[in-house]
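Okay, so here's the structure we're looking at.
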Amino acid sequence: MRGTSKNQIYIGTGLAVLATLVWSGNFIIARAVHKTIPPVSLAFYRWATASLLLLPFAYKKFIAELPTMRKHISYLFWVALSGVALFNSFVYIAGHYSPAINLALIGTTSSPIMAIILARIFLKEKITTLRVLGLLVCIAGIVVLLTKGDWNNLLHFQFSKGDYWILLAAFCFAVYSTLVRKKPNSISPGNFLFTIFSGGTILLFPFYLWEQTRSEPVEWNALNIGSILYLGLGTSFIAYLCWNAAIARLGAARTALFGNLIPVFSTLEAVVLLHESVGIIHFISFFLVIAGLAIANLNPNSIRQ
Numbered sequence: 107m108r109g110t111s112k113n114q115i116y117i118g119t120g121l122a123v124l125a126t127l128v129w130s131g132n133f134i135i136a137r138a139v140h141k142t143i144p145p146v147s148l149a150f151y152r153w154a155t156a157s158l159l160l161l162p163f164a165y166k167k168f169i170a171e172l173p174t175m176r177k178h179i180s181y182l183f184w185v186a187l188s189g190v191a192l193f194n195s196f197v198y199i200a201g202h203y204s205p206a207i208n209l210a211l212i213g214t215t216s217s218p219i220m221a222i223i224l225a226r227i228f229l230k231e232k233i234t235t236l237r238v239l240g241l242l243v244c245i246a247g248i249v250v251l252l253t254k255g256d257w258n259n260l261l262h263f264q265f266s267k268g269d270y271w272i273l274l275a276a277f278c279f280a281v282y283s284t285l286v287r288k289k290p291n292s293i294s295p296g297n298f299l300f301t302i303f304s305g306g307t308i309l310l311f312p313f314y315l316w317e318q319t320r321s322e323p324v325e326w327n328a329l330n331i332g333s334i335l336y337l338g339l340g341t342s343f344i345a346y347l348c349w350n351a352a353i354a355r356l357g358a359a360r361t362a363l364f365g366n367l368i369p370v371f372s373t374l375e376a377v378v379l380l381h382e383s384v385g386i387i388h389f390i391s392f393f394l395v396i397a398g399l400a401i402a403n404l405n406p407n408s409i410r411q
């Protein structure tokens, strides 16, 4: 029994790492195709692909749970709007102005901070001393990145367009993360994903049509088709399945810690694939952010023991 438990831990760990590795590619693609695929179109293609892939697995549950979902239509609307339609669209817009390293660092580190604050306000969750300390360390890491390590830059600091958009994206994902905690138990996990994926796609559709009238037609080459398939199959389908399977084996709290790997993977990918430069400031920011997230997730009882 003990061996089986260890195997489950190893499998869960591998699945969580795989999910974060796949998710990290989202920021790379946001930057890699920003000149060839408009941002709303990229988000629309991503979620339309993911919805079609989920359809064979979820349609029976969708039909069976339709009466329940009608009762929670307002809740599902806000989840689909914040976590699917707006979040990724804003990430892809930010990709037009900021390097992938900044997208990953600012996006994946500021969102948990916002989520903690929103959970305190709307869910009345207790903020422990360790969580506050971790929050401050994370903020310090983000400030180091945005000011390039020169504290004098704080006096004349101005956000770039990309910084504004990725912070807005982070806020939307924080809203989504807060709402997900209130998911009705009567809606199965697979159907929940299919519903918000397809709902987000529908919400994006009119903006996709509007963007088509103002943008150059997408050139359907290997890079663009591969990028959309990666987003739809990888980051929206495989990664979610791996993440949910990891949670089943490790638990939600332990699995959540692996999310700290996303900016690390994204930076390595940006350096290798996009030839973006990385300096000591990025490593200092990494260290502070990951340390802050680790502190925020420490169990006070384990420290006392």
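Residue numbers (this note's numbering): 107 to 411. Glycine included, each C-beta is placed from N, C-alpha and C at the ideal position. Just so you know, these numbers come straight off a predicted model, no measurement behind them.
*Going along the chain, which residues of its own chain have a beta-carbon closer than 7 Å to the beta-carbon of residue 230, five neighbours each way excluded?*
Residue mapping note: residue 230 aligns to position 124 of the sequence shown, counting from 1. Within the same chain, residue 230 has no close Cβ partners at all.
_To test your reading of the DSSP string, which unbroken beta strand (DSSP E) runs of 3 or more residues are found completely within the segment 109–142?_
none
*Taking the C-alpha atoms as reference points, what is the distance between residue 212 and residue 312?*
The residue given as residue 212 occupies position 106 in the sequence shown. The residue given as residue 312 occupies position 206 in the sequence shown. Rounded to whole angstroms, residue 212 to residue 312 spans 29 Å at the Cα level.
*Comparing alpha-carbon positions, which option in 248, 386, 372 lies nearest residue 380?*
Counting from 1 along the sequence shown, the entry for residue 380 is found at position 274. Nearest C-alpha to residue 380: 372.
*Between which two residues does the alpha helix (DSSP H) harbouring residue 49 extend?*
No information on residue 49 is available, as it lies outside the stretch 107 to 411 that the chain covers here.
*Could you check which residue in 158, 188, 195, 209 has the C-alpha nearest to that of residue 221?*
In the sequence shown, residue 221 corresponds to position 115, counting from 1. Answer by Cα proximity: 188.
*Would the beta-carbon of residue 145 fall within 7 Å of that of residue 195?*
Counting from 1 along the sequence shown, the entry for residue 145 is found at position 39. Counting from 1 along the sequence shown, the entry for residue 195 is found at position 89. The answer is yes: Cβ separation under 7 Å.
*Taking DSSP as the reference, what is the three-state secondary structure of residue 295?*
Looking up residue 295 in the sequence shown gives position 189. Three-state DSSP puts residue 295 in a helix.
*Counting only the same chain and skipping the five closest in sequence on each side, list residues whose C-beta sits under 8 Å from that of residue 341.*
The residue labelled residue 341 in the question sits at position 235 within the sequence shown. These residues qualify, in order along the chain: 128, 129, 131, 132, 152.
*Cβ neighbour criterion (16 or more within 10 Å) applied to residue 369*: As a position in the sequence shown, residue 369 is number 263, starting the count at 1. Burial call: buried.
*Neighbourhood of residue 254 by C-beta distance below 7 Å, restricted to the same chain and skipping five residues each side*: For the purposes of this step, residue 254 is taken as the residue at position 148 of the sequence shown. Contacts found: 387.
*With DSSP run on the structure shown, which of helix, strand or coil describes residue 284?*
In the sequence shown, counting from the first residue as 1, residue 284 sits at position 178. The answer is helix: DSSP assigns residue 284 an H, G or I state.
*Sequence-distant residues of the same chain with beta carbon closer than 6 Å to residue 268, five excluded per side*: For the purposes of this step, residue 268 is identified with residue 162 of the sequence shown, where counting begins at 1. So the qualifying residues of the chain are 200, 203, 204.
*Can you tell me the Cα-Cα spacing of residue 155 and residue 354, whole angstroms?*
Indexing the sequence shown from 1 puts residue 155 at position 49. Indexing the sequence shown from 1 puts residue 354 at position 248. Approximately 26 Å, taken between the alpha carbons.
*Member of 395, 400, 401 whose CA lies at the smallest distance from the CA of residue 249*: For the purposes of this step, residue 249 is identified with residue 143 of the sequence shown, where counting begins at 1. The option with the nearest alpha carbon to residue 249 is 395.
*Proximal residues to residue 344 (C-beta, below 7 Å), its chain only, five neighbours per side dropped*: Working through the sequence shown from its first residue, we reach residue 344 at position 238. Once the five neighbours on either side are set aside, the close Cβ partners of residue 344 are 128.
_Starting from residue 153, trace the alpha helix (DSSP H) in both directions and tell me its first and last residue._
Within the sequence shown, residue 153 is the residue found at index 47, counting from 1. From DSSP, the alpha helix (DSSP H) with residue 153 extends over 145–170.
*For the candidate residues 165, 378, 235, whose alpha-carbon lies nearest to that of residue 398?*
The sequence position of residue 398 within the sequence shown is 292, counting from 1. The shortest Cα separation from residue 398 among 165, 378, 235 belongs to 235.
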